[in-house]
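Residue numbers (the working numbering), protein chains in the order written: chain A, 1 to 225; chain B, 1001 to 1510.
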């Protein structure tokens, strides 16, 4: 079953008097539970594609369906709810709320959802923190963690709401190679445990070996899958 | 909500510098607002206390012919019309259950003739039955020399301030009959001129009336008085027994009513001014000016004053005003409306007005000073609002990545807005609250210093002789509401900016 269905997706950015065509009539289907990597040179459209799938950016033209819902026509409130309930994010650097500790950061989306009791939220957050191996740092704030530890927290937070998709834009870009590998191994393990679809962008060839599928993009078009 | 306040509180601690700047502005703003409100309220409270309880009462019944409600401080020479039907008014007032007390008085200006052939002086006179007056205003002034008027006694009580003015104008220093010269109360100029001081124990007053032919009367000074509050302003008003006042103004005195008037004489007295003119209609109205008219040689015939009006029905004579005090809990406007309805229905030829309108420039100045203070406090807050809005907006923009990330993981715009509102609310609550508490303490401590002034305007600002700011529970509630309003206003634009931050902005910034 396709968790993501993209048809004729076009994204243009006006730049002064010219227009940058970031995505050109792209078609793409992604199955539930996939662990995919999007690769391509800088400016190829990887981040733009992830942003549109993640309901962070709007398409200029075309159709994008996430778990059967057409997202291009949703208003801000519904699109925010879509991000909260269906999608988890792992960014390169700005991942965590600086004034909250590890447990509070992971718990944060659950508190926004208001579906669980406080004790249930805490239990769920602590389970995921344990799964990413940070139980002993549970009361630490982001400033007291290493880059790798912060990404682990981000992974736990991305998964805490049990989303359909986790999107990671260059999740290892700011990490050393060993830590980067650990993070990817963790993501793959979580993909197996939680059965969540993972899509991550990278231009690091070493990262690709972890992906079960690779989508190559160049000049806003899929050139190989 | 707990999450919002947790994040807001920790953000305040994280950005201590900015929080402190905003906090100090809020502290100073709320402190100034509280003290400002205290001064305004103290002025209102003081003026009401000192004017209502010490000089005018809540409402004033004035003659219907009066063009303006300002009867207290009319231009010199412009007289207040006469009320000739006080007994009918009294009957009506006694039936009005919202009226606590009332006092009929005469109020007009008299000229003081200079017996040394120098410049005359002027005096504002309050004519009253002194016993009734003291019941209505039990402690509004004290004698500093001599004594107060005894029941039915003819005489005048002169304020300290006005005695000094008369000395400056006429070179006459008035002292009470039966009292010696009190050196400690001499003005600086009088003290310098002590050897040649022209001391007098009585003076000749001639009423200034537009309508009636006034007469000059010699009034003995019984006492020199000092008003307990607003002495600089009330210190222009001398208190005269009502019968002397009436004679001075040429009114029909109560003692005259006991004389029987019969036949043709009565008909003549009942004629109005137009009919009087008609009687002389056939005579030449204009006479040739021979250029020889010289009034300097005319000697006015002074009326001999009865020494006492005891046994006379004082209420039978003329007055100018009736001062009204309302029962506790009756609002000024409601009382005014009810009284005016009754007066109008009874067709008594008079109307009621508030003490503020009757006191003319005092009421206006109080409103102007109050308005100026309000504008000043609002201006301070406007400046504070601009600074806080700028600081909060900068803080919002600096936190673009954090806010964008929150939005990316599912925080709605409302959550971001609430977070900023929470931060400002906490700062307002802490620093603004501290400012309000400090302000309340300052307002309560200020009267202990007994800061006084002799300046008219400053006395109006003080609402009395002493600076006594005052904050009621309602005023404190008002200050808190104003603080809440300021918090709300300051947060509108920064919240708009913060809510406008998108996850994409955060990615771009990163």
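Just so it is clear, CB atoms sit at the ideal spot from N, CA and C, and this is done for glycine as well.
Separation of residue j from residue i, as counted between CA atoms
i                       : j                       : result
residue 1196 of chain B : residue 1318 of chain B : 41 Å
residue 1416 of chain B : residue 1403 of chain B : 7 Å
residue 132 of chain A  : residue 183 of chain A  : 9 Å
residue 1146 of chain B : residue 1368 of chain B : 39 Å
residue 13 of chain A   : residue 1500 of chain B : 20 Å
residue 1209 of chain B : residue 1080 of chain B : 8 Å
residue 166 of chain A  : residue 107 of chain A  : 17 Å
residue 1074 of chain B : residue 1360 of chain B : 8 Å
residue 205 of chain A  : residue 163 of chain A  : 27 Å
residue 1273 of chain B : residue 1242 of chain B : Low confidence applies here, because residue 1273 of chain B scores a pLDDT of 49, under 50, leaving its location unreliable; read the following figure in that light. Roughly 25 Å separates the two Cα atoms.
residue 20 of chain A   : residue 1376 of chain B : 55 Å
residue 169 of chain A  : residue 198 of chain A  : 11 Å
residue 1183 of chain B : residue 1355 of chain B : 37 Å
residue 1028 of chain B : residue 1436 of chain B : 9 Å
residue 1400 of chain B : residue 221 of chain A  : 31 Å
residue 1329 of chain B : residue 1049 of chain B : 15 Å
residue 1486 of chain B : residue 1381 of chain B : 8 Å
residue 1093 of chain B : residue 1132 of chain B : 16 Å
residue 1136 of chain B : residue 1192 of chain B : 40 Å
residue 141 of chain A  : residue 156 of chain A  : 15 Å
residue 1422 of chain B : residue 1412 of chain B : 15 Å
residue 122 of chain A  : residue 130 of chain A  : 12 Å
residue 1044 of chain B : residue 1070 of chain B : 19 Å
residue 1206 of chain B : residue 1112 of chain B : 6 Å
residue 1338 of chain B : residue 1170 of chain B : 47 Å
Any chain B beta carbon closer than 9 Å to residue i
i                      : result
residue 162 of chain A : no
residue 54 of chain A  : yes
residue 220 of chain A : no
residue 98 of chain A  : yes
residue 81 of chain A  : yes
residue 16 of chain A  : no
residue 35 of chain A  : no
residue 123 of chain A : no
residue 116 of chain A : no
residue 88 of chain A  : yes
residue 104 of chain A : yes
Best match in the options for proximity to residue i [C-alpha to C-alpha]
i                       : options                        : result
residue 77 of chain A   : B:1408, B:1453, B:1481         : B:1408
residue 1471 of chain B : B:1454, B:1450, B:1439, B:1482 : B:1439
residue 1023 of chain B : B:1157, B:1449, B:1323, B:1424 : B:1424
residue 1371 of chain B : B:1353, B:1016, B:1037         : B:1037
residue 1230 of chain B : B:1058, B:1174, B:1160         : B:1160
residue 1026 of chain B : B:1426, B:1449, B:1445         : B:1426
residue 5 of chain A    : A:27, A:23, A:15, A:16         : A:27
residue 1149 of chain B : B:1334, B:1111, B:1128, B:1055 : B:1128
residue 151 of chain A  : A:172, A:144, A:136            : A:172
residue 1221 of chain B : B:1204, B:1247, B:1157         : B:1157
residue 135 of chain A  : A:119, A:209, A:112, A:101     : A:101
residue 1086 of chain B : B:1194, B:1062, B:1418, B:1108 : B:1062
residue 941 of chain B  : B:1139, B:1204, B:1484         : Residue 941 of chain B lies beyond the range of chain B shown here (1001 to 1510); nothing can be said about it.
Short CB-CB distance (under 9 Å) between residue i and chain A
i                       : result
residue 1415 of chain B : yes
residue 1411 of chain B : yes
residue 1424 of chain B : no
residue 1016 of chain B : no
residue 1022 of chain B : no
residue 1494 of chain B : no
residue 1402 of chain B : yes
residue 1503 of chain B : yes
residue 1040 of chain B : no
residue 1013 of chain B : yes
9 Å Cβ cut-off: residues of chain D touching residue i
i                     : result
residue 84 of chain A : Here the protein chains are A and B, and chain D is not one of them.
* Proximal residues, the segment 168-180 of chain A versus chain B, C-beta separation under 9 Å -> Within the segment 168-180 of chain A, contact with chain B at the beta-carbon level (separation under 9 Å) is assigned to 169.
* Taking a Cβ distance cut-off of 7 Å, strictly less, list which residues of the segment 182-206 of chain A are near chain B, in chain order. => Going along the segment 182-206 of chain A in chain order, one finds no residue with a Cβ nearer than 7 Å to chain B.
* To do: Output the residue ranges of the beta strand (DSSP E) runs that lie fully inside the segment 1095-1163 of chain B and measure 3 residues or longer, sorted by chain position.
  => Counting only runs that start and end inside the segment 1095-1163 of chain B, the beta strand (DSSP E) elements of at least 3 residues fall at 1099-1113, 1121-1128, 1141-1146, 1156-1159.
* Compile a chain-ordered list of the residues in the segment 55-78 of chain A whose CB is closer than 8 Å to at least one CB of chain B. => Here the close residues are 56, 57, 76, 77.
* Can you check the segment 152-218 of chain A for any beta strand (DSSP E) of at least 3 residues that lies completely inside it and give the ranges in chain order? => DSSP runs (the beta strand (DSSP E)) wholly in the segment 152-218 of chain A: 165-169, 197-202, 213-218.
* **Length at least 4, wholly inside the segment 74-116 of chain A: the alpha helix (DSSP H) runs in chain order** => List check, alpha helix (DSSP H) in window: 76-86, 102-113.
* To do: Compile a chain-ordered list of the residues in the segment 1359-1390 of chain B whose CB is closer than 8 Å to at least one CB of chain A.
  => Here the close residues number zero.
* Asked: Taking only runs of the alpha helix (DSSP H) that begin and end inside the segment 1411-1449 of chain B, which ones reach a length of at least 4 residues, in chain order?
  -> Fully enclosed alpha helix (DSSP H) runs of 4 or longer: 1413-1427, 1433-1445.
* Quick one: which unbroken beta strand (DSSP E) runs of 3-plus residues sit fully inside the segment 1214-1256 of chain B? Chain order, please. => Listed in chain order, they are 1216-1227, 1237-1241.
* To do: Could I get the ranges of all uninterrupted beta strand (DSSP E) runs contained in the segment 23-75 of chain A, with 3 residues as the minimum, in chain order?
  => Fully enclosed beta strand (DSSP E) runs of 3 or longer: 35-39, 61-66.
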